[in-house]
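Participant: Residue numbers (this note's numbering): 1242 to 1348. Beta carbons: idealized from backbone N, C-alpha and C, even for Gly. In this text the structure is predicted, and so the values were computed from the model without any measurement.
#1: For the alpha helix (DSSP H) containing residue 1291, list its first residue and its last residue.
#2: So, for residue 1346: in the same chain, excluding its five sequence neighbours on each side, which residues have a beta-carbon less than 7 Å away from its beta-carbon?
#3: In angstroms with no decimal places, state the Cα-to-Cα distance between residue 1299 and residue 1263.
#4: In angstroms with no decimal places, state the Cα-to-Cα distance between residue 1261 and residue 1275.
#5: What residue does the alpha helix (DSSP H) around residue 1273 start on, and which one ends it?
#6: Report yes if the CB atom of residue 1320 is closer than 8 Å to the CB atom of residue 1278, and no otherwise.
#7: Look at the alpha carbon of residue 1385 and the alpha carbon of residue 1311, and state the distance between them as a whole number of angstroms.
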């Protein structure tokens, strides 16, 4: 019974988010550029990526990587959350190159 209630909650929660612009809260040019880069990699438009029914959440946050020489390289970390998987993209701010991309199970 608990599993049925949990499954029903997930389905209803997903339906509530369908068609919602998951990127509407991002105002920073840095975050928006990174989101556009991820959308291009996934071969969808920015608007499509932000409104896909399967996307339940979008995160974009400043990050950095320190290389072996001690240089600090600014990055933007973008995560797309779906019901069963999440995908992480590391976008280098200087040239908008995605240097790491991986998806993993959310279970």
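Facilitator: Taking the definition as stated:
#1: Position 50 of the chain shown holds residue 1291. 1287–1292 is the extent of the alpha helix (DSSP H) around residue 1291.
#2: By 1-based counting over the chain shown, the position of residue 1346 is 105. Closer than 7 Å at Cβ, skipping near neighbours: 1325, 1326.
#3: Counting from 1 along the chain shown, the entry for residue 1299 is found at position 58. Counting from 1 along the chain shown, the entry for residue 1263 is found at position 22. For residue 1299 and residue 1263, the distance between alpha carbons rounds to 6 Å.
#4: Along the chain shown, read from residue 1 onward, the residue named residue 1261 stands at position 20. Along the chain shown, read from residue 1 onward, the residue named residue 1275 stands at position 34. About 20 Å.
#5: Reading the chain shown from its first residue, position 32 is the one you call residue 1273. Its alpha helix (DSSP H) spans residues 1270–1282.
#6: For the purposes of this step, residue 1320 is identified with residue 79 of the chain shown, where counting begins at 1. For the purposes of this step, residue 1278 is identified with residue 37 of the chain shown, where counting begins at 1. Going by C-beta atoms, residue 1320 is not nearer than 8 Å to residue 1278.
#7: For residue 1385 there is no data in the structure shown, the boundaries of the chain being 1242 and 1348.
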